[in-house]
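To start, the structure under review is shown below, and the notes come after it.
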Amino acid sequence: MIEAVGLTKRYGDKTAVYNLSFQVRPGAVTGFLGPNGSGKSTTMRMILGLDNPTSGTVTIGGYPYRKLPNAPRQVGALLDAKAVHGGRHARNHLLCLAQLSGIPERRVDEVLGVVGLQDVAKKRSKGFSLGMGQRLGIAAALLGDPQVLLFDEPVNGLDPEGILWVRNLMKALASEGRTVFVSSHLMSEMALTADHLIVIGRGQLLADMSVKDFISANSADFARVRTPDTEPQLREKLTSALTEAGGQVLPEQDGALRVMGLPLPRISDLAHDADVRLWELSPHQASLEEAYMRMTQGAVDYRSSIDQRAGLQQPLPPGAQPPMPVPGQGQPGWYAPPPPQQGGQPFTPPQGAAPAGPYGGPAAPGPYAPGAPAGGPNPYATPGNQAPAAPAAESSPQPSAAPVAAPAQTAAPADLTKPEDAR
Amino acid sequence: MAAVQVIRSEWTKIRSVASTVWTLSLAVVVTVALGMLISALSRSQFDRMPARERLNFDPTVVSFAGMTLGQLAMIVFGVLVVSNEYSTGMIRTSLAAVPQRATFLFSKIAVAAALALAVGMATSFAAFFLGQSLLGSHRTEIGDPGVLRAVIGGGLYMTLIAMFSMGVASMLRSPMLSLGILMPFFFLISNILGNVDATKKIGRFLPDQAGSRIMQVVPRVDDDTPYGPWGGLGIMGLWVVAALTGGYILLKKRDA
Chain C
403 MIEAVGLTKR
413 YGDKTAVYNL
423 SFQVRPGAVT
433 GFLGPNGSGK
443 STTMRMILGL
453 DNPTSGTVTI
463 GGYPYRKLPN
473 APRQVGALLD
483 AKAVHGGRHA
493 RNHLLCLAQL
503 SGIPERRVDE
513 VLGVVGLQDV
523 AKKRSKGFSL
533 GMGQRLGIAA
543 ALLGDPQVLL
553 FDEPVNGLDP
563 EGILWVRNLM
573 KALASEGRTV
583 FVSSHLMSEM
593 ALTADHLIVI
603 GRGQLLADMS
613 VKDFISANSA
623 DFARVRTPDT
633 EPQLREKLTS
643 ALTEAGGQVL
653 PEQDGALRVM
663 GLPLPRISDL
673 AHDADVRLWE
683 LSPHQASLEE
693 AYMRMTQGAV
703 DYRSSIDQRA
713 GLQQPLPPGA
723 QPPMPVPGQG
733 QPGWYAPPPP
743 QQGGQPFTPP
753 QGAAPAGPYG
763 GPAAPGPYAP
773 GAPAGGPNPY
783 ATPGNQAPAA
793 PAAESSPQPS
803 AAPVAAPAQT
813 AAPADLTKPE
823 DAR
Chain Z
1325 MAAVQVIRSE
1335 WTKIRSVAST
1345 VWTLSLAVVV
1355 TVALGMLISA
1365 LSRSQFDRMP
1375 ARERLNFDPT
1385 VVSFAGMTLG
1395 QLAMIVFGVL
1405 VVSNEYSTGM
1415 IRTSLAAVPQ
1425 RATFLFSKIA
1435 VAAALALAVG
1445 MATSFAAFFL
1455 GQSLLGSHRT
1465 EIGDPGVLRA
1475 VIGGGLYMTL
1485 IAMFSMGVAS
1495 MLRSPMLSLG
1505 ILMPFFFLIS
1515 NILGNVDATK
1525 KIGRFLPDQA
1535 GSRIMQVVPR
1545 VDDDTPYGPW
1555 GGLGIMGLWV
1565 VAALTGGYIL
1575 LKKRDA
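Note that the protein sequences, when read in sequence, are chains C and Z.
Residue numbering for the first sequence follows our numbering, starting at 403 and increasing by one per position.
Residue numbering for the second sequence follows our numbering, starting at 1325 and increasing by one per position.
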């Protein structure tokens, strides 16, 4: 059991982790997600007592790591696969770690077998591929047969066979009642491996819930409904019928309707009752990846530049949909999905954290905040703007209560280029 | 017992990298070979030396002449032993396994210092005997007063210089930075400060200037050094203690 309470880490005036509280329970694989630079590794280092928190505590089994009796037999960690002396044999690397923890030498050969490195045991780790390095790191974590395991990006550089192996290993370790805490940004992998998720963005907790809850809380499952294009009145009729039945109906750019809050059979029934023919009725389910992207958009520190992406989009004909990571985003009439509720805190930028940073400006309501007096140019304020918005200008689905200035700021430059695109 | 475990582990670490063998054997070869060369030259040049230099002629010091360069290899050894952990990132794994940072650092330094002592002693005795054998009639004997002290002191000097480098490296962490400061300092700056009249009074309290006093047997004419051979080695020891303490305090306080 790993427990963090109010964990905060500052490097100078940069806040890496802010007021993070969570628990990692035994018997389950807990995924630790967040964009690059969101504080995942810093948190892991604090758990291991390598970095001292500025404030707050983190304990393993009730002890801070540095006070944990026989720590290496209780906790195993893979922090950085490249953190080995390249001139040392794989076996010697593990041997010195084993001796450091008072682990008998035969265990070294055991774990080498477990991770499949027995044939290169006497090879210098300099020549190892990234995948072999990861296996060596995992072997080091398994040395003490610990009850608590931490893995920082364990599948980076592994081949499909290795990924499958890591996935099964994590699950097997958790099923033995161990605490397994895995950071990653491979969402599809986490969806298959993890039972529980802790999501952070820019050092703060965004969500702490099971994978299932996370997807349903952060994704807007919807149905796409299309009425015959030739008869627009049918569309109006269906919209009012569905709204009356309690559904949320949003028009899509191509004339289809996006219906939320009603199951597919019910939509069909309602359409039948209203005597409206349907050309399309399709379910759309969000994946963990989509749910994650929605949640963390506003919390991404490093993203590809707007100009570059806008430039790439220029050849697209007006009105065409650019490939988008999250369907619906950037289209006129796209609304923010429901904010994360259970377990997740509304995301507010830490006070005093990088005030001059691109996201740290005075909080202005996001473009989608209800009744928001748009402080800057709002790309979506004009209905009927057929220009495809740059995905980089996508607004964040932040809870309207605590929006970030980011969307307005990033949207502005993209918006300026848009009329040219449309021409 | 944690310290025993760390010592065993550090021994595995130190013997399983090539840099240990390279730096230490370089220290032996350079010190001994250069000492032999200078000894042979001194023997052939002795008659042409000015009287004052002949009076000051110290055969023990002559056979240790290679140490000026040999100590640089010892410095590299000391720096690499510590900073390897940082440059590879291994320090995180190590400290995760041994959260008691004092145990970790001092066990590491104990292992490396013991190895440096063994190599340093062997070097010192080899340099002395091989050097003396080339000095011919100007040679001295190990049994002469002060000579055994000087030869043992030579081994201790090499150990202390390696330990001082370990302390500096654990403060600075980067191998390049540590070597970039230590090498020119001990090869040039300290020698200049210790021999120029203006700075001599302070310069001779620098670690290598004070420590190398132990290798002198024949007292210099008009010598006004305020410390004796063991006093000098003691001053060097204080420098080592200071460097190691600094390294420990920083390791304890700093994020790994």
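Ideal Cβ placement from N, Cα and C applies to all residues, glycine included.
Do Met-1490 of chain Z and Ile-1433 of chain Z have their beta-carbon atoms positioned less than 8 Å apart in this structure? yes
Measure the alpha-carbon distance for Tyr-1572 of chain Z versus Gly-1402 of chain Z and round it to whole angstroms. 15 Å
Determine the chain Z residues that contact Ser-503 of chain C at a beta-carbon separation under 9 Å, and present them in chain order. Gln-1329, Ser-1333, Ala-1421 and Val-1422
Could you check whether the stretch 1434-1446 of chain Z touches the stretch 1378-1386 of chain Z, counting it as contact only if at least three pairs of C-beta atoms, one from each stretch, sit closer than 8 Å? no
Taking 7 Å as the limit between beta carbons, can you name the residues of its chain near Leu-666 of chain C, skipping five residues before and five after? Ala-625, Leu-683 and Pro-685
So that I know if they touch, is there some Cβ in chain C lying closer than 8 Å to that of Ala-1389 of chain Z? no
Straight-line Cα distance separating Arg-604 of chain C from Ala-765 of chain C: Its pLDDT being 42, under 50, Ala-765 of chain C is placed unreliably by the model, and the measurement read from it follows with that caveat. Ala-765 of chain C and Arg-604 of chain C: Cα-Cα distance of roughly 16 Å.
Secondary structure at Glu-405 of chain C, three-state DSSP: helix, strand or coil? strand
Hey, Arg-679 of chain C and Leu-659 of chain C: beta-carbon distance below 8 Å or not? no
When the Cα atoms are used, what is the spatial distance from Pro-471 of chain C to Met-403 of chain C? 15 Å
Exposure label - Ala-619 of chain C; buried when at least 16 CB within 10 Å: buried
Would you grab the beta carbon distance between Gln-606 of chain C and Asn-421 of chain C for me? Rounded to a whole angstrom, and I think it's under 8 Å. 7 Å
DSSP state of Asn-558 of chain C, grouped into three classes? coil
The stretch 653-681 of chain C: positions lying closer than 8 Å to chain Z by Cβ: none
I think Asp-615 of chain C touches Ile-600 of chain C, with their Cβ atoms under 8 Å apart; what is that distance to the nearest whole Å? 12 Å between Cβ atoms; not a contact.
For a test of the three-state rule: what should DSSP assign to Gln-476 of chain C, helix, strand or coil? helix
Skipping 5 residues on each side, what residues in its chain have a beta carbon closer than 7 Å to that of Thr-1549 of chain Z? Arg-1528 and Arg-1537
Can you tell which of C:Asp-482, C:Val-460, C:His-491 and C:Arg-427 has the C-alpha that lies nearest to the C-alpha of Ser-1340 of chain Z? C:His-491
Quick check on Gly-1394 of chain Z: buried or exposed, where buried means 16 or more other Cβ atoms within 10 Å of its Cβ? buried
For Lys-484 of chain C, return the contacting residues in chain Z, with the cut-off set at a CB-CB distance below 9 Å. Thr-1412 and Gly-1413
Identify whether Val-584 of chain C lies in helix, strand or coil by the three-state DSSP scheme. strand
Provide the residue(s) that pair with Tyr-1551 of chain Z in DSSP beta bridges, ordered along the chain. DSSP lists no partner for Tyr-1551 of chain Z.
Could you give the uninterrupted runs of the alpha helix (DSSP H) lying entirely in the stretch 1434-1517 of chain Z, keeping only those of 4 residues or more? 1471-1496 and 1499-1508
Roughly how many whole angstroms lie between the Cα atoms of Leu-844 of chain C and Met-534 of chain C? The requested residue 844 of chain C is not part of the displayed model; chain C covers only 403 to 825.
Residues from the stretch 439-457 of chain C in contact with chain Z, defined by Cβ distance under 8 Å: Arg-447, Leu-450, Gly-451, Leu-452, Asp-453 and Asn-454
8 Å is my cut-off, CB to CB: does Val-1386 of chain Z come that close to chain C? no
Do Asp-1532 of chain Z and Ile-1485 of chain Z come within 8 Å of each other at the CB atom, strictly closer than that value? yes
Can you grab the Cα-Cα spacing for the pair Leu-1562 of chain Z / Val-1405 of chain Z, in whole Å? 21 Å
Express the C-alpha separation of Ala-430 of chain C and Gly-579 of chain C in angstroms, rounding to a whole number. 7 Å
Under three-state DSSP, which class holds Asn-421 of chain C? strand
Distance CB(Ser-1390 of chain Z)-CB(Ala-1437 of chain Z) smaller than 8 Å: Checking the sequence shown, residue 1390 of chain Z turns out to be Gly, not Ser. No; because the gap between Cβ atoms is not below 8 Å, this pair is not in contact.
Straight-line CA distance for Leu-1557 of chain Z to Phe-1510 of chain Z? 16 Å
From the DSSP secondary-structure annotation, give me the bridge partner or partners of Pro-685 of chain C. C:Ala-625
Return the CA-CA distance between Asp-597 of chain C and Ala-543 of chain C, expressed in angstroms with no decimal places. 21 Å
Name, in chain order, the residues that DSSP records as bridge partners for Met-352 of chain C. Outside the displayed span of chain C (403 to 825) sits residue 352 of chain C, for which this structure offers no information.
Which word fits Thr-632 of chain C, buried or exposed, when buried means at least 16 other C-beta atoms lie within 10 angstroms of its C-beta? exposed
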